[in-house]
Amino acid sequence: MKSANKLLLLILLFLIFGGVNSIAYSQMSGGMSMSFLNADSESTVNDFATNVLRIKNGTEKQQNVSLSINPPAGWQVLGNAQKQISIGAKDSIFVPVRLRPSSLMQGDMAYMANAFLNVNGFTVANAVWNIAIKRQSNWTASISATKVYFVQQSDLSEFSLQLNNSGNSEEVLMVNVQAETGILLKNAEDEWVQNIQQRIELKVQQDSTLTFDILQSSEPVKPTDRYTGDITNYRIKITVSNEQRRQGSKGRWTGHVNFVQLPDSRKVEASAFGSFPLTIEWDSYNILDDNTYGALGMYGTKRLSDHQTFNYYYQASFIDNKINWNSLLGNYFYLGYFSQPFNVELGDISAGRGGSNLIGEGVKGSYNYKNHRLGAMYIGNPSVFDNPTIKGFGGFYQYTGEKLRGDVYAESSENIIANIASNATSADVSYRLSNKHRLNFGTGYSTQKYATFNDTVLTGYKMEARYNGYFKKFQINLSGQYNTPSYLLRRGVSAVTGSLSYPLKKGLRLRGAFSGYKSQAEYLQSDGIMQDSIFSRRNKYFLQLLFSNDKQSYAIQPEYSIFETNLLKTNMAGINFEYRTRVNSKMSFFSTLFAGQSGFPDIAEADPIFVANSRLSVRYNNLNANIRYYYGPYYLSEQSQYLATRQNPQRLFAMMYYDYWFANNKMRLDLNLNYNYTTVKGRQQLVSRPELFYYTNKQFEFSLYANYLMYANAEYERTPISFNGSPVASSGDIVPADVFSRVEYGFGIKINVNVPAGLHKNYRAMMVVFRDLNGNGIKDQNEPAYGDMLIKVTRVDESFSENDLMMQQNEIYELITNSDGEAIYRHLPKGNYKIESSPLTTTDGWFSGDVRYEMIDGNKTVYIPLSRGARCSGSIFVERAEYSDEKPLMLGGIRVTAVNQLSGATYSALTDKYGNYSLYLPNGDYVLTINEGAVGTRFQFAKNNIPLSVKSRSQNYNVSFNLGERKRQINFGPKQNSDAILQSTPIKDKRNEEN
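By the working numbering, the letter at position 422 of the sequence shown is numbered 1174, and the numbering carries on one by one without gaps.
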């Protein structure tokens, strides 16, 4: 009982003493205040957070106070976190506060820093500083290689995708990997598929590596696929997109990996002597009929050295069975030589400009120098030598810079029959203001002089402007052009377009657009009177709301259109719905539905009518199908017919195409069907043209087709066109029902041959790769061959420098050595060649020599020795702190990398569970690094980036890494229950001391 009374007395005394102190503290604190000048601020991970703390003493005497700054977890106070401050009576002081943010802080978050003012161990004032961190999205994606090779006797391979988040916020990424036909991907269920989608969450400063296994399918390669001789190419497309798509987020990355199946031998040229590849194609049409005709085509492309190509094409038509040697002269002939410095074209060519009079036979050439291109042409129509009706010449200059692009064109022509002399010029310039803004301007001028009509001259002009760019989240496109009715290159065309797009949120976009087009050209007729062509005008306005993701999209689009010609003016208003999806790599679906009204504003007695149309498209493997349905008059002819008869038309279009391969992909059957039906006049049309193809491995292709055409109409009354929009009277002219059909047959033959082009001989070069056990560079009897070595052979000039090699773009001939270490190049032209070799499998420390150059002037064997590299090994030694918690540390799987300082080549190995590693290095100077991010923040390597010079393959080298645990120091405040400050002190870096 006495003990209880004593305890009660102690509690009572404590409460009385605490109450007295609380009253005194309350009286004093009423005169002390503290606040941050900016209670809310923004910062980034790369900037210091800066603020000013105001402390006010409202009492009548000087106060000695203790200031404590508590930063957010992981942040650091620059300077002392605790300070002793003396403040005079009725005075204020200002204390600057600077904080260093943590590298692991999250964006789009607010962090809180606290300041406490203490007197004799009691807190008398506090202030709060809220720091908002801006979001910085900075994730990257990269692939291990853009080109991967299948090794010999294997249909398996792999590639890796590396993802890294160096921003300040967590990223949620969607990875989509799509393989084309011929290769498959292994998914998480160990199934071989063509598409993989995977969701990846990356925390701040985290990276991740995804490895995908690849299988080459056993399906035979189609001749129309990516196939060249015995070399087969497959492609995989990788897309990485940001799921969150918040403001400041990086959006999308796309990459490709090409998988290549190489043989151990190949023909570089088609034959042992110089030749030109030539494809001869003969097509016969409408056989088994009185009107059989045929066409002969011969064409090809010859790849020359130094990135030069030579194109040639010839075509002749034969319309009857009479022998006409003039037909062999052909109706189309073309020769084209293209290289980096200059291009030359001869034969049937054109200026390549819309509206130009220069089209026919002639010559065209251009010369390139750095960013400049200058060209000229001379053309006659139909023939430059045989009494041309039109002849002329032209020239152009083009400049292509990093930001500025320009094009100037001029032509002069003469129409000999009409006696008209024409001249036209145009100038266009494009300038990129920044990565988000581009401007285009254009102008033009033309004249046409009519000698027949007292040298009357028609003058024309052109003006054009375009803008494409972004303003914050808005995407803007504007363009406008005006061509006077007599401007030669584009008579009377005026057009204006504009669009504005804004992403509302991820996968949701709002877009508005308008377009206007008007055309009315002017010509001087044979009687000397100016004549306008048919006038036409089209205006369209729409607003679109689009939702999309990686597999499907929806769109709703209100729209309004105006169509006008000399005969009729109509408008159409309605709403359009669109849906498209990609179910998988084999199947896709697309559909649209429009419903609205069509009106005739200039025809009072014609009321607006309901119109609708729908489209459905499906693709599945090699099957493509499309169906379109129209309710109401859609085309101008149907609208005119409707005004004359008031009969509402309906129309159906259907199309189907199927590509069927069989007989081990040596035969193909193309099945197609086109059908349309309209209720007006009951018209139907059916066209089908199945065609059968047969392919040999390389040289020959044969095809046979049958074309079926059926046309039918119901009985109807012939009705004239209404020019005023009023119904026309019955003509009484009845057209009876009718059905017409016919079948046509034909065949085609295609042969690939090589035409001799000289007596210079091509040679056989065999590359032999072996392990050089004794280091003499010669293949001795006991030295084994090395297979699965990639060999690259590139032709270089007779006299060259290393700088020249950087500029040359000659074709690279690749092979993989077989089990005997051999790769054979047949029909290799005489010349100097650069030979490179690199292993496709682990070499266990064997390395190929430097790049070599060989002169091939006869059949030759080139030996490529592999030399043993020096062994470099080491360990990770761990040093624990004095007060370590002794938690286990994972030492396995940490990457050690050696980088050659001259070539940049990298060699790496992973540590085992004990922290040991081993790798082989050829001679050279290296820097060895270890992945510091793999050990977390509790530990730090004392030394990294260690230089190493390997001079002898017979010597072993040891490079180890010391890993120390960071020391921890805890500083407590002057009283219990006060705020403690936890500080981390890194281990001492002794690298400078050792040097």
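Note that beta-carbon positions come from the ideal geometry of N, C-alpha and C, so glycine has one too. Quantities reported herein were computed from a predicted structural model and do not represent experimental measurements.
Worksheet item: Taking Cβ to Cβ, would you say I845 is nearer than 8 Å to I821?
Response: Walking along the sequence shown from the start, residue 845 turns up at place 93. Walking along the sequence shown from the start, residue 821 turns up at place 69. No, these two residues do not count as a Cβ contact at 8 Å.
Worksheet item: Secondary structure at Q999, three-state DSSP: helix, strand or coil?
Response: Translated into the one-based positions of the sequence shown, residue 999 becomes position 247. Low per-residue confidence applies at Q999: pLDDT is 47, beneath 50, and the placement is therefore not dependable, though the value from the model is reported in the following sentence. Of the three classes helix, strand and coil, the one that applies to Q999 here is coil, per DSSP.
Worksheet item: Buried or exposed: where does F1713 fall if 16 or more other Cβ atoms within 10 Å of its Cβ makes it buried?
Response: For the purposes of this step, residue 1713 is taken as the residue at position 961 of the sequence shown. So F1713 ends up on the buried side.
Item to complete: Below 7 Å CB to CB, which residues in the same chain sit around Y1382 once its five sequence neighbours on both sides are set aside?
Response: Residue 1382 sits at position 630 when you count from the first residue of the sequence shown. Hits under 7 Å: N1365, Q1402 and R1403.
Worksheet item: Quick one: Cα of F964 to Cα of R951, how far?
Response: Mapped onto the sequence shown, residue 964 falls at position 212. Mapped onto the sequence shown, residue 951 falls at position 199. Taking the straight line joining both Cα atoms gives about 15 Å.
Discussion item. Looking only at its chain, what residues have a beta carbon closer than 6 Å to the beta carbon of D1035, apart from the 5 residues adjacent to it on each side?
Written reply: By one-based count along the sequence shown, residue 1035 stands at place 283. Excluding positions up to five away in sequence, the list reads A1047 and G1500.
Worksheet item: According to DSSP, is F1205 helix, strand or coil?
Response: Position 453 of the sequence shown holds residue 1205. The answer is helix: DSSP assigns F1205 an H, G or I state.
Worksheet item: Can the beta-carbon of L1241 be found closer than 8 Å to that of S1108?
Response: Taking the sequence shown and counting its residues from 1, the one referred to as residue 1241 is at position 489. Taking the sequence shown and counting its residues from 1, the one referred to as residue 1108 is at position 356. Contact: yes.
Worksheet item: Based on the DSSP output, what are the partners of D1159 in its beta bridges?
Response: In the sequence shown, residue 1159 corresponds to position 407, counting from 1. Looking at the DSSP output, D1159 shares a beta bridge with Q1150 and D1180.
Practice prompt. Taking S1238 as part of the beta strand (DSSP E), name the residues at either end of that continuous run.
Written response: Locating residue 1238 in the sequence shown gives position 486, where the first residue counts as 1. For S1238, no beta strand (DSSP E) run applies, since DSSP gives it neither H nor E.
Practice prompt. Could you give the DSSP three-state label for Q1393: helix, strand or coil?
Written response: Mapped onto the sequence shown, residue 1393 falls at position 641. Q1393 falls in the helix class under three-state DSSP.
Worksheet item: Looking only at C-alpha atoms, which of P1617, D1485, Y863 and F1342 sits nearest to N1528?
Response: Within the sequence shown, numbered from 1, the residue matching residue 1528 stands at position 776. The closest CA to that of N1528, considering only P1617, D1485, Y863 and F1342, is found on P1617.
Practice prompt. Report buried or exposed for A825, applying the criterion of at least 16 other Cβ atoms within 10 angstroms of its Cβ.
Written response: Within the sequence shown, numbered from 1, the residue matching residue 825 stands at position 73. By the neighbour-count criterion, in which 16 or more other beta carbons inside 10 Å mark a residue as buried, A825 falls on the exposed side.
Worksheet item: What's the call for T1594, buried or exposed, on a 16-neighbour Cβ count within 10 Å?
Response: As a position in the sequence shown, residue 1594 is number 842, starting the count at 1. T1594 should be labelled exposed.
Practice prompt. Could you tell me which of I1543, Q858 and F1085 sits nearest to N956, measuring between CA atoms?
Written response: Your numbering for residue 956 matches position 204 in the sequence shown. The sequence as given places Val at residue 956; Asn does not occur at that position. Checking every option, the nearest Cα to that of V956 belongs to Q858.
Item to complete: Have a look at N1697 and N1683 and give me their C-alpha separation to the nearest angstrom.
Response: For the purposes of this step, residue 1697 is taken as the residue at position 945 of the sequence shown. For the purposes of this step, residue 1683 is taken as the residue at position 931 of the sequence shown. N1697 and N1683: Cα-Cα distance of roughly 10 Å.
Discussion item. If contact is defined by three or more beta carbon pairs under 8 Å, each pair taking one atom from either stretch, is the stretch 1509-1525 in contact with the stretch 1582-1592?
Written reply: As far as the Cβ criterion goes, the stretch 1582-1592 touches the stretch 1509-1525, which means the pair count is three or higher.
Practice prompt. Would you kindly work out how many angstroms separate the C-alpha atoms of G1621 and I895, rounded to a whole number?
Written response: Here residue 1621 refers to the residue found at position 869 when the sequence shown is read from its first residue. Here residue 895 refers to the residue found at position 143 when the sequence shown is read from its first residue. In a straight line, the C-alpha of G1621 is about 28 Å away from that of I895.
Worksheet item: If you scan the stretch 1433-1465 from start to end, which runs of the beta strand (DSSP E) of 3 or more residues do you find wholly inside it?
Response: You should have 1435-1440, 1443-1447 and 1452-1465.
Worksheet item: Hey, how far is the Cα of P823 from the Cα of Y863?
Response: Taking the first residue of the sequence shown as position 1, residue 823 is located at position 71. Taking the first residue of the sequence shown as position 1, residue 863 is located at position 111. Spanning the two alpha carbons is a distance of roughly 9 Å.
Worksheet item: Is it true that the CB of I1032 sits closer than 8 Å to the CB of G1007?
Response: The residue you call residue 1007 lines up with position 255 of the sequence shown. The residue you call residue 1032 lines up with position 280 of the sequence shown. No, these two residues do not count as a Cβ contact at 8 Å.
Worksheet item: Taking 7 Å as the cut-off, does the CB of S1369 come closer than this to any heavy atom belonging to the ligand ADP?
Response: For the ligand ADP, the structure offers nothing, since it holds no ligand at all.
Item to complete: Below 6 Å CB to CB, which residues in the same chain sit around V1181 once its five sequence neighbours on both sides are set aside?
Response: Along the sequence shown, read from residue 1 onward, the residue named residue 1181 stands at position 429. Listed in chain order, the non-local C-beta contacts of V1181 below 6 Å within the same chain comprise G1158 and F1193, local neighbours out to five positions each way being set aside.
Worksheet item: Closer than 8 Å, CB to CB, is S785 near chain D or not?
Response: In summary, chain D is missing from the structure at hand, where a single protein chain is found.
Discussion item. Please state whether the Cβ-Cβ distance between S1337 and Q930 is less than 8 Å.
Written reply: Counting from 1 along the sequence shown, the entry for residue 1337 is found at position 585. Counting from 1 along the sequence shown, the entry for residue 930 is found at position 178. With contacts defined as CB atoms closer than 8 Å, S1337 and Q930 qualify as a contacting pair.
Worksheet entry | Outcome for K1749 when other beta-carbon atoms lying within 10 angstroms are tallied against a minimum of 16 | Beyond the ends of the chain as shown, which are 753 and 1747, falls residue 1749; an answer cannot be given.
Item to complete: Evaluate the contact criterion for the stretch 864-884 versus the stretch 912-926: three or more CB pairs, one atom per stretch, below 8 Å.
Response: Of all C-beta pairs linking the stretch 864-884 to the stretch 912-926, fewer than three are shorter than 8 Å, placing the two stretches out of contact.
Practice prompt. Counting only the same chain and skipping the five closest in sequence on each side, list residues whose C-beta sits under 7 Å from that of N773.
Written response: On the sequence shown, residue 773 is found 21 positions in, with the first residue counted as 1. Confidence in N773 is poor, its pLDDT being 43 and thus under 50, which makes the residue's placement too unreliable to answer from.
Worksheet item: Which term fits Q1653, buried or exposed, when burial requires 16 or more other beta carbons within 10 angstroms of its beta carbon?
Response: Mapped onto the sequence shown, residue 1653 falls at position 901. Residue burial annotation: Q1653 is exposed, with fewer than 16 other C-beta atoms found within 10 angstroms of its C-beta.
Worksheet item: Taking Cβ positions, are T1317 and F1329 nearer each other than 8 Å?
Response: Within the sequence shown, the letter at position 565 stands for residue 1317. Within the sequence shown, the letter at position 577 stands for residue 1329. Judged by their CB atoms, T1317 and F1329 are not nearer to each other than the 8 Å cut-off.
Item to complete: Have a look at N1378, S1135 and S1389 and flag the residue whose alpha-carbon is nearest the alpha-carbon of Y1410.
Response: Position 658 of the sequence shown, counting from 1, holds the residue named residue 1410. Comparing Cα-Cα distances from Y1410 to each of N1378, S1135 and S1389, the minimum goes to N1378.
Worksheet item: Which residues in the same chain as V1648 place their Cβ atom closer than 6 Å to its Cβ, once the five residues preceding and following it in sequence are excluded?
Response: Translated into positions along the sequence shown, residue 1648 becomes position 896. If we look at V1648 and ignore the five residues flanking it on each side, its Cβ neighbours are A1661, Y1669 and I1682.
Fill in: Of the residues S1271, S1198, H1189 and L1276, the one placed nearest T1204, counting alpha carbons only
The residue labelled residue 1204 in the question sits at position 452 within the sequence shown. Ranking S1271, S1198, H1189 and L1276 by Cα distance to T1204 puts L1276 first.
Worksheet item: When you compare only the Cα positions, how much space is there between P1699 and G1676?
Response: What you label residue 1699 is simply residue 947 of the sequence shown in a count that begins at 1. What you label residue 1676 is simply residue 924 of the sequence shown in a count that begins at 1. In this model, P1699 and G1676 are separated by some 11 Å (Cα to Cα).
Worksheet item: Just how far apart, CA to CA, sit F788 and F1691?
Response: Counting from one through the sequence shown, the residue named residue 788 turns up at place 36. Counting from one through the sequence shown, the residue named residue 1691 turns up at place 939. Cα to Cα, the separation comes out at about 36 Å.
Worksheet item: Quick one: Cα of Q905 to Cα of S1079, how far?
Response: Here the question's residue 905 lines up with position 153 in the sequence shown. Here the question's residue 1079 lines up with position 327 in the sequence shown. Going from the Cα of Q905 to the Cα of S1079 covers about 53 Å.
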